[in-house]
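Numbering (the numbering used here), first residue to last: 96 to 695.
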């Protein structure tokens with residue numbers, strides 16, 4: 096009985112509480128009681144997405160600006176949340192064609208921080224590290240940041256590398272060595288090869304965007320060229336200085352004048368280059384990489400889309416739908432989700448002050464290379480011919496809105512926007528109205544942009560991959576032209592060049608000829624190599640001795656202590672480890688017979 100009464104009493108108490116709450120909400124006894132809203136009885140239709148709201152209103156802070164007497168334009172964005180301040184100097188340079196010394200401009204930018212008239216590189220590095228700062232230089236500007244309390248010291252260093260670089264010869268050689276090493280490391284990287292060749296295809300080698308930095312061009316760089324670039328182009332009257340962080344306007348004016356006021360202005364040369372255009376018909380380019388198990392595909396061409404052009408916003412929406420929107424884009428859904436050809440397929444449509452570019456790219460298995468190209472072209476034609484669905488368009492607009500909003504979290508964005516408005520002569524409200532302009536893009540405008548800038552019939556189809564497996568299948572898209580890794584065209588001379596099927600004895604013969612010829616190699620009777628290494632503080636010496644025809648001895652020692660020795664007399668061998676001798680088994684003997692030859 097007790098178990099039955101307890102639920103009944105609890106229910107009565109809850110009912111009393113509800114009644115009390117309802118009566119207390121009545122305003123006056125004479126007014127009729129308002130019915131309770133029937134929230135619980137409503138059914139939410141989850142099959143229909145909610146209608147889009149209005150575009151967010153962007154409240155962009157306005158940086159304080161002023162101009163020094165030498166023409167340097169300064170933009171100040173105060174942000175006192177953290178005791179840090181950053182200084183970013185950017186030069187408004189036209190692209191420069193470097194010719195046979197390609198790479199010297201980038202080298203000059205790096206060299207600026209490697210020594211000044213009063214400090215060596217070591218002294219600069221030590222001073223920067225001592226205050227926990229960052230300092231870097233490039234051909235187009237200088238960046239520095241530190242805690243607010245170190246601002247004066249930081250600017251002293253920044254001004255020193257900006258106004259008084261010494262261009263030390265020894266540091267130039269270091270930079271050239273580093274650059275050549277990077278070039279050599281990228282020679283076999285499909286992505287780097289594709290980047291080189293597509294630049295040449297789009298612009299040509301006589302254009303600043305199409306010329307390539309090679310080992311040969313870097314080797315020709317000298318200090319005089321670096322100084323000439325600096326003297327001619329590093330001028331305050333084409334400069335923008337952004338100051339962002341824990342600083343006020345008056346302090347910024349004082350510091351800018353103190354450290355950069357003495358910088359002397361001068362006229363800077365302007366550069367003009369002929370227009371580049373897409374090919375009259377689709378062209379197929381292949382870079383043969385015989386060891387590739389997959390193909391790197393690029394579909395690319397130049398685009399006459401200048402920075403700040405009214406089409407830029409609408410074209411961004413269109414390209415985000417095509418391949419710039421991640422998982423939801425046409426290319427990604429087709430080539431990855433539907434066909435499983437690749438981990439990802441993307442596109443970019445870039446504006447530029449000189450000439451823009453379009454590129455669609457992905458890495459696919461060799462056996463589906465031609466099929467993947469078919470699907471790339473299908474999606475390029477699809478966005479030209481079929482209106483995008485309204486729901487898809489709204490999803491992409493939301494994606495762009497979110498990305499833009501996240502970029503505003505950085506105070507430096509405000510300074511960058513202000514500099515872009517001045518640098519590219521944009522409308523004052525360009526960024527303030529950016530999201531409103533994104534949201535106003537229509538289905539018809541997306542198709543208009545696609546028909547204007549997506550050109551599947553006037554593109555370079557570039558494939559870096561194993562030619563013997565993919566070249567013949569690419570002829571369906573147009574004549575196939577072979578290029579080396581630097582974008583120089585060539586014609587394979589024989590069928591063997593196309594198939595890669597060269598007889599093993601021919602490979603060996605060519606190898607021996609490259610080493611000097613079999614007769615000279617046979618004159619070598621012994622070879623000794625001594626190698627030194629350090630491991631955990633221990634100095635090791637490794638000695639390798641070879642004697643013709645195939646005898647060898649190898650030892651590993653630390654001082655007078657011998658850790659390991661292997662001896663092979665041409666037919667049998669022994670390995671001695673800490674005094675314990677063990678004969679080589681049959682497998683090790685076969686390996687030693689090859690490894691013990693002076694020329695394997």
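Ideal placement from N, C-alpha and C gives every residue a C-beta, glycine not left out.
Quick caveat, the model's predicted, so the values are computed rather than measured.
Neighbour-count burial assignment, residue i, 16 or more Cβ in a 10 Å radius
{"i": "residue 414", "result": "buried"}
{"i": "residue 698", "result": "Residue 698 is absent from the model: the chain starts at 96 and stops at 695."}
{"i": "residue 620", "result": "exposed"}
{"i": "residue 689", "result": "exposed"}
{"i": "residue 330", "result": "buried"}
{"i": "residue 376", "result": "exposed"}
{"i": "residue 205", "result": "buried"}
{"i": "residue 407", "result": "buried"}
{"i": "residue 251", "result": "exposed"}
{"i": "residue 561", "result": "buried"}
{"i": "residue 324", "result": "buried"}
{"i": "residue 498", "result": "exposed"}
{"i": "residue 392", "result": "buried"}
{"i": "residue 612", "result": "exposed"}
{"i": "residue 122", "result": "Only weak support exists for where residue 122 lies, its pLDDT of 33 falling under 50; the value from the coordinates is given anyway. Per the 10 Å Cβ criterion, exposed."}
{"i": "residue 306", "result": "buried"}
{"i": "residue 209", "result": "buried"}
{"i": "residue 464", "result": "buried"}
{"i": "residue 175", "result": "exposed"}
{"i": "residue 389", "result": "buried"}
{"i": "residue 646", "result": "buried"}
{"i": "residue 502", "result": "exposed"}
{"i": "residue 446", "result": "buried"}
{"i": "residue 260", "result": "buried"}
Check whether residue i and residue j have beta carbons under 9 Å apart
{"i": "residue 602", "j": "residue 622", "result": "no"}
{"i": "residue 344", "j": "residue 168", "result": "no"}
{"i": "residue 240", "j": "residue 289", "result": "no"}
{"i": "residue 616", "j": "residue 627", "result": "no"}
{"i": "residue 651", "j": "residue 660", "result": "yes"}
{"i": "residue 484", "j": "residue 417", "result": "no"}
{"i": "residue 448", "j": "residue 401", "result": "yes"}
{"i": "residue 282", "j": "residue 580", "result": "yes"}
{"i": "residue 510", "j": "residue 183", "result": "yes"}
{"i": "residue 734", "j": "residue 201", "result": "Residue 734 lies beyond the stretch modelled for the chain, which goes from 96 to 695, so this question has no answer here."}
{"i": "residue 291", "j": "residue 668", "result": "no"}
{"i": "residue 296", "j": "residue 607", "result": "no"}
{"i": "residue 513", "j": "residue 158", "result": "yes"}
{"i": "residue 381", "j": "residue 578", "result": "yes"}
{"i": "residue 342", "j": "residue 243", "result": "yes"}
{"i": "residue 170", "j": "residue 338", "result": "yes"}
Nearest-angstrom Cβ-Cβ length linking residue i and residue j, presumed shorter than 8 Å
{"i": "residue 367", "j": "residue 569", "result": "That belief does not hold up - the Cβ atoms of residue 367 and residue 569 are roughly 37 Å apart, past 8 Å."}
{"i": "residue 187", "j": "residue 333", "result": "5 Å"}
{"i": "residue 673", "j": "residue 658", "result": "7 Å"}
{"i": "residue 548", "j": "residue 410", "result": "6 Å"}
{"i": "residue 234", "j": "residue 203", "result": "6 Å"}
{"i": "residue 285", "j": "residue 384", "result": "6 Å"}
{"i": "residue 262", "j": "residue 318", "result": "5 Å"}
{"i": "residue 496", "j": "residue 530", "result": "6 Å"}
{"i": "residue 398", "j": "residue 444", "result": "7 Å"}
{"i": "residue 396", "j": "residue 555", "result": "6 Å"}
Residue i - DSSP class collapsed to helix/strand/coil
{"i": "residue 308", "result": "coil"}
{"i": "residue 584", "result": "strand"}
{"i": "residue 516", "result": "helix"}
{"i": "residue 530", "result": "helix"}
{"i": "residue 168", "result": "strand"}
{"i": "residue 120", "result": "Only weak support is given to the placement of residue 120: the predicted model assigns it a pLDDT of 30, under 50, and the value that follows is read from those uncertain coordinates. Three-state result, residue 120: coil."}
{"i": "residue 577", "result": "strand"}
{"i": "residue 678", "result": "strand"}
{"i": "residue 211", "result": "strand"}
{"i": "residue 663", "result": "strand"}
{"i": "residue 125", "result": "Confidence in residue 125 is poor, its pLDDT being 35 and thus under 50, which makes the residue's placement unreliable; the coordinate value appears in the next sentence. If DSSP states are grouped into helix, strand and coil, residue 125 belongs with coil."}
{"i": "residue 202", "result": "helix"}
{"i": "residue 422", "result": "helix"}
{"i": "residue 705", "result": "Since the displayed the chain opens at 96 and closes at 695, residue 705 lies outside it and no answer follows."}
{"i": "residue 673", "result": "coil"}
{"i": "residue 473", "result": "helix"}
{"i": "residue 572", "result": "helix"}
{"i": "residue 180", "result": "strand"}
Check: residue i C-beta below 8 Å from any heavy atom of the ligand MG
{"i": "residue 350", "result": "Although the ligand MG was asked about, the structure shown includes no ligands whatsoever."}
Requested in this report: List in chain order: all unbroken alpha helix (DSSP H) runs of 4+ residues lying wholly within the region 214-276.
Outcome: 216-225 and 246-258
Query - Completely contained beta strand (DSSP E) runs for the region 299-369, where each covers 3 or more residues - result: 334-340, all fully within the region 299-369.
Requested in this report: Any chance you could list the beta strand (DSSP E) runs of at least 3 consecutive residues sitting entirely within the region 629-656, in chain order?
Outcome: Runs found: 633-642 and 646-653.
Requested in this report: Starting from the N-terminal side, write out each stretch of the beta strand (DSSP E) that is 3 residues or longer and does not extend beyond the region 542-570.
Outcome: 555-560
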